[in-house]
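J.:
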Amino acid sequence: MNRFWNSRLSFFASREIQILLNSRSYATSTESSSHRFPKEGFGAPIWRRTIGVFILGFAWYQADRYFVKDGEKHPVTKWIENLMIPESEYKRRNLEHLYLSAEASKDKILFGEAEWPPIYRLRYPEQFEKASSHCIEPGTEIDLSDLVVRQD
């Protein structure tokens, strides 16, 4: 039994495997990776973009001050107000919706209170065929061939 395990463990005892097992590899080691990190500093794209955003913001603020003179409304505000629907139109729409809602509620109450007409059932429906066919005057006979008695 010892010989069995010794032959299996001899693989791990070899010098090459021991070197691989005992050596460490680091993410920053220059031998194992070819990736180079960029040089850090204030010339990175994030800083350039941040400065660009500040410059654009300042220019926008100055343009806004130029367009708005002595309490006038901003041109964008004037344009939005031009596109808006007047208040009187909203009042008219609301009143029309209120009227239609009231009509719909009246209809709902009317149909909710409706009832089916009562059904009068005969105890013996074969009474329709009980009379003699010889005593019937012409024109007074009713055709009951398609009569269907409901079972519900």
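Each position in the sequence shown, counted from 1, maps to that position plus 217 in my numbering. No residue lacks a Cβ here, since even glycine has one placed at the ideal position from N, Cα and C. Nothing here was measured: the structure is a model prediction, and the numbers come from that model.
(1) Kindly list the residues whose CB is nearer than 8 Å to the CB of P255, restricted to its own chain and excluding five residues on each side of it in sequence; keep chain order.
(2) Would P342 and V365 qualify as a contact pair, given that the criterion is a beta-carbon distance under 7 Å?
(3) Secondary structure at R367, three-state DSSP: helix, strand or coil?
(4) CA-CA distance, F345 and Y337?
(5) Out of L327, Q368 and I268, point me to the one whose CA is closest to L339's CA.
(6) Distance, Cα to Cα, E289 vs R309?
T.: Taking the geometry as given:
(1) Beyond the five residues adjoining it in sequence on each side, P255 comes within less than 8 Å, by CB distance, of A261 in the same chain, given in chain order.
(2) Their beta carbons are not under 7 Å apart, which means P342 does not touch V365 by this criterion.
(3) Here R367 sits in coil by DSSP.
(4) Going by the C-alpha atoms only, they are around 15 Å apart.
(5) Of the candidates L327, Q368 and I268, the one whose C-alpha sits nearest the C-alpha of L339 is Q368.
(6) Cα to Cα, the separation comes out at about 31 Å.
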